[in-house]
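What follows is one structure encoded as structure tokens, with my remarks underneath.
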Amino acid sequence: AEVPERLRGDPMRLRQVLANLIGNAVKFTQHGGVTVRCVRDGEDAGGVRLRFTVTDTGIGIPADVQTGVFDLFSQADTSTTRRYGGTGLGLAICKELVTRMGGGIGVESAPGQGSTFWFTVALEAVAGEALRPGAGLAGRRVLIFAPEGPDREGLVEHLRLLRVAYECVADGRDALRRLREPGAGGPWEAAILDGSGAEREAALELAGALRNDPAPARLPLLLMIPLGQRGGSATDHDVGIDAYLSKPLRFAQLVERLGAALGGVVPAEESTARVPQSPPAAGARVLLAEDNPVNQKVALGMLKRLGCWVDIVADGREALRALESESYDLVLMDCQMPEMDGFEATTEIRRREAQGRRTPVVAMTAYTLQGDRDRCIAAGMDDYLTKPVGLDALRAVLRRWLSAPQDGPTAAAPEEARVPGEAESPTQFTRLPSLDPRVLDELRELLGAELDSVAALFLSDATARLKRLRAALETRDCKTFFEEGHTLKGSSANVGAVRLAAMCRELQRMGREEDLAGAPELVARVEWELAAVQKALRGELEHRET
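Going by the working numbering, the first residue of the sequence shown is number 5, and it counts up by one from there.
Laid out in structure tokens, this is it:
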């Protein structure tokens, strides 16, 4: 049976569990992929039981470790922990949250063969019809030319939700025959071809055969390509490719592109991929380089609000790869990232550009000292924003570098960060609130329903970082202690957890100065404060929804 479109439950807890499991799966998977599924798992009194699975092709978990994996995760060996950073206490929290939602959680895994984490939850059924995005696509006929696998399965699930009639074919000759002889269902109206990896040659061969075959009427061809790969090559144009779908496939993208290919049958207001009309920087393509998932979500919400199309990468190397395959109007570059930081990445960007087109690079930094600004300029950055970045400051920077039309008040300078200053002492922490409701109000206006997701992501990420702070304290690893305190300070400020942000600023100072005296007591206070923030966040979100 299908998963109902609307159910009532605790979205914040559900998203926190999913964010943790998916984050771990991505972290421990260097090759292959991560697949997330949700199926109906039965009925409860007045509700529905759902089963979620997160499957990866990563390093796997030994059988003797699996029994205690939800108490305190232990990697197969310490080298793995050093390399990947561990999962923290997130899995134990997942178990607690799932239990509160009336479900269970488990894992199936083998070393070197990946893992499948699953959990069930009981949710309340909701009466009435929900607004269905892409309703105008119902009944249209689409042929899929793709091999069996997760990509095709995901596409099929999306088409089923859209009530699109489809048929899957993996052989080029069979696909051509089906398109020539559509059968009792009527003519096909579009074809979606898998154009990634080894399948690309076969897909283009089929497209060319269709273009030269007078039998089937000319129909739109959509090509699925890997994320980051540029479309629009001369070969694609010659064989008649009309549009592209990036993998992993997003529902909103499919609704928009398939609807456009079929003649604009999808009303504009139904496509969640569209941006507000005539905002500042409307249509600008922005690359956001930021490793913190909470900061990613908040920045994405602001950029969408300002009318930008956004791609997100998590470190400098990914930014360089993205710039190789796409052209961007502006890059927002976090200065502190793993693998390759923003300074090194920008230096390499400028080297590659040489005398060619210069893409504006705007630094995002938590520091405001003159030396830090000088370092940004020396690396080739054009401007900077102080974290946490505010909407007005971002709008001003976009106007400055994208020459966007005026729309509303312009910030004269980057706005002040919502974090207490360096002079804040530990004895003054109690004067600060756990949560600033004004920040939540701003985020609610900016993110809408996504606020629950951001809050859940923050709690999951903060829990993992607290575990790494403890580990760094035990080993006297001041560098890691500084980095984790720095990152947690920024994400805390972004969600309005001002007292926690102030505490983390002090942790950051201790790590930078390599003076951990008093750190054990402060880390313990941070742990208590994070629990208080979690309670305050849930209460604030539930209160505002009533």
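Glycine included, each C-beta is placed from N, C-alpha and C at the ideal position.
- Secondary structure note for residue 365: its beta strand (DSSP E) is the uninterrupted segment 365-369.
- Spatial neighbours of residue 37 in its own chain (CB-CB distance under 7 Å, excluding positions within 5 residues in sequence) are listed in chain order as 61, 154.
- The residues 147, 171, 173, 192, in chain order, have a CB closer than 8 Å to that of residue 182 in the same chain once the five nearest residues on each side in sequence are set aside.
- Judged by DSSP in its simplified three-state form, residue 452 adopts coil rather than helix or strand.
- Counting only runs of 3+ residues, the beta strand (DSSP E) found wholly inside the region 22-58 occupies 38-48, in chain order.
- Sorting 176, 458, 21, 503 by C-alpha distance to the C-alpha of residue 537 places 503 at the top.
- In this model, residue 304 and residue 314 are separated by some 7 Å (Cα to Cα).
- For residue 74, the three-state secondary structure derived from DSSP is coil.
- Residue 381 sits exposed, since fewer than 16 C-beta atoms from the chains shown fall within 10 Å of its C-beta.
- Residue 524 sits close to residue 477, with the two beta carbons spaced by under 8 Å.
- Judged by beta-carbon spacing, residue 466 lies beyond the 8 Å limit of residue 450, meaning their Cβ atoms are not closer than that value.
- Counting along the chain, the unbroken beta strand (DSSP E) around residue 227 starts and ends at 225-230.
- Unbroken beta strand (DSSP E) stretches of 3 residues or longer found wholly inside the region 125-197: 145-149, 169-173, given in chain order.
- Residue 99 and residue 544 have their alpha carbons spaced roughly 24 Å apart.
- As the crow flies, the alpha-carbon of residue 468 is around 13 Å from that of residue 460.
- At a Cβ-Cβ threshold of 8 Å, residue 500 and residue 443 count as neighbours.
- Residue 474 is classed as buried because its beta carbon has at least 16 other beta carbons within 10 Å across all chains shown.
- In the DSSP assignment, the residues bridged to residue 123 are 56, 109.
- The DSSP-derived three-state label of residue 385 is coil.
- Here the alpha carbon of residue 354 sits roughly 7 Å from the alpha carbon of residue 384.
- Each of 55, 472, 239 was checked against the Cα of residue 108, and the nearest Cα belongs to 55.
- Annotated three-state conformation of residue 514 is helix, per DSSP.
- Contact between the region 118-131 and the region 198-207 is absent: fewer than three C-beta pairs spanning the two stretches fall below 8 Å.
- Taking C-alpha positions only, residue 520 is separated from residue 512 by approximately 10 Å.
- Just so you know, the alpha carbons of residue 399 and residue 464 end up roughly 30 Å apart.
- Per DSSP, the continuous alpha helix (DSSP H) segment holding residue 97 begins and ends at 94-104.
- Checking the DSSP bridge columns, you'll see residue 250 partnered with 229.
- Secondary structure note for residue 334: it is in no alpha helix (DSSP H), and the uninterrupted beta strand (DSSP E) holding it is 334-338.
- Going by DSSP, residue 315 is part of the beta strand (DSSP E) stretching over 313-317.
- In the same chain as residue 41, and ignoring 5 residues on each side of it, the C-beta atoms closer than 6 Å to its own belong to 57, in chain order.
- Taken through DSSP and simplified to helix, strand or coil, residue 468 comes out as helix.
- Exclusion of the five residues before and after residue 227 leaves 197, 199, 245, 248 as the residues of its chain whose Cβ lies within less than 6 Å of its Cβ.
- Assigned with DSSP and collapsed to three states, residue 290 falls in strand.
- Taking C-beta atoms as the reference points, residue 368 and residue 339 count as a pair closer than 8 Å.
- When C-alpha distances from residue 17 are compared across 33, 126, 63, the shortest belongs to 126.
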